[in-house]
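According to our numbering, the sequence shown is numbered sequentially starting from 1.
Heads up, the beta-carbon is just placed ideally off N, CA and C, and yes, glycines get one too.
Contents: one structure, followed by commentary.
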Amino acid sequence: MKQNLLKTLDEKKIFKLVLGLGNQDFEEIEDLVTVYAIAGADMFDINPSKEAIEAVLRGVKKAGRQIEEFYYTISTGLLGDSHVQKCHIDKNKCKRCGKCIKKCPRNAIEWNGEFPEVIVQKCIGCKKCDDCKAISFNDTEYNIEEIVKLAKKYKLDCVELHISSKKIPEQEIKYVLKEFSGALSVCLDRKYYSNERIKKLINKIIKWKQDSKFIIQADGVPMSGGDDTFKSTLQAVAMAHLVQDYGTYIFMSGGTNTKTAWLAKTCELRYNGIGIGSYARKIVKNKKLEEAVHEAEKLIKACKNDRED
Ligand code: SF4
Ligand code: SF4
């Protein structure tokens, strides 16, 4: 039987593949999981849908591995979080310049006749196409009860709430604490929250939970990964540094790459895991399985070795 996630985090640092909160390209999810399951990932971070969970499980099986060998988080963005927003193009305002198509890193905008069209399943709300009056973003609805139900049904290890709105989502956090026996993870970034507000929120959760045994995902600059530079990962490390004195478990994400563990070690940072999304997806894109696994192995090794070889 699989060991409890938090107990494992007490013993070792783990690598989590973030599949993209808004990513509904289930074929891509399955392929990514196959590659990273072979390469030695420990955990998969999945968007809150039955289809995405099923795709992850298929990917694990395709890799020839057992479901129980990995940990699974179901992640949801709460209202206002860009992870759950989808791009919308107003044709009446569109000048058909095509710039948004070039800017989108997910190929989520394509020409459909005369106008660009968003492929909603591929859009992850990264807002790299944002610089145009014809473009706006819609929130996708979420239902915390359904999400917890899914987590229980598939025996997932963790429910993660992305908190990036002006209002502290007290009800949602309390609901997960009450109804879910697995781990709680709260993903925090500094879009709306000052350092002081983040500290206040952590203290509140500790009070509601009556201990600090939960995960904080320190999200540097959400969905900013892509470059393998110190600059790209700097904010994730800085964010982890900000929250490291509360006794919670800490994951770094948002701009994470092969430099993250190295920088964290140099800063003498305490943390329990690294979650990588954009960069992990980018380095295996359009590669054959063997080559993709090789790239993924290099990334995981860099995350676990604390230094660049
Ligand atoms: S939506 Fe904006 S960026 Fe995209 S083609 Fe139309 S005018 Fe250009
Ligand atoms: S650039 Fe980002 S937000 Fe815009 S369509 Fe592409 S994935 Fe969606």
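Near ligand 1: residue i beta-carbon under 8 Å from a heavy atom
i: C126; result: no
beta-carbon residue i near ligand 2 non-hydrogen atom, thresh 8 Å
i: V18; result: no
i: D139; result: no
i: R270; result: no
i: R106; result: yes
i: K310; result: This structure cannot settle anything about residue 310, because the visible part of the chain is limited to 1 through 309.
i: D130; result: yes
i: I109; result: yes
i: C158; result: no
i: K304; result: no
i: C87; result: yes
Nearest residue (CA-CA) to residue i, options the options
i: V35; options: I14, K301, C303 and K287; result: K287
i: Y154; options: E117, L9, L57 and F137; result: L57
i: A280; options: E295, N272 and E291; result: E295
i: K152; options: T256, I300, I53 and E170; result: I53
i: E114; options: K103, C104 and C97; result: C97
i: K133; options: C100, L156 and S75; result: C100
i: V176; options: T76, Q217, V243 and P105; result: T76
i: L269; options: I276, L234, Q66 and L289; result: L234
i: K231; options: W262, K50, E51 and L242; result: W262
i: E145; options: K166, I173, I135 and C123; result: I173
Cβ distance (whole Å) where residue i is taken to contact residue j below 8 Å
i: V148; j: L184; result: Not confirmed; about 11 Å, so no contact.
i: L32; j: L17; result: 7 Å
i: G40; j: H83; result: About 26 Å; that fails the 8 Å criterion.
i: A236; j: G247; result: That belief does not hold up - the Cβ atoms of A236 and G247 are roughly 20 Å apart, past 8 Å.
i: I119; j: I74; result: Contact doesn't hold; Cβ gap of about 23 Å is too wide.
Cβ shell of residue i (< 7 Å), same chain only, five flanking positions each side left out
i: N138; result: Q85, K86 and H88
i: L6; result: A183, K213 and Y249
i: K282; result: G226
Own chain partners of residue i with C-beta closer than 6 Å, once the 5 adjacent residues on each side are dropped
i: I63; result: The residue you asked about is not Ile; residue 63 is Ala in the sequence shown. Answer for A63: T34, A37 and I38, listed in chain order.
i: K191; result: S164
i: K209; result: L177
i: L289; result: none
i: E30; result: A55, R58 and G59
i: L156; result: Y72 and I74
i: E141; result: none
Cut-off 8 Å between Cβ atoms - residues of its own chain near residue i, not counting five sequence neighbours on either side
i: A238; result: G220
i: D309; result: Interpretation of D309 is limited by its pLDDT of 44, a score under 50 that renders its predicted location unreliable; the figure taken from the coordinates is listed afterwards. Once the five neighbours on either side are set aside, the close Cβ partners of D309 are K301 and A302.
i: D228; result: N257, T258, K259 and Y279
9 Å Cβ cutoff, residue i in contact with chain C
i: N195; result: The chain inventory of the structure shown lacks chain C, comprising one protein chain alone.
Under 6 Å, CB to nearest heavy atom of ligand 1: contacting residues: I89, C94, K95, R96, C97, G98, K99, C100, P116, C132, A134 and I135
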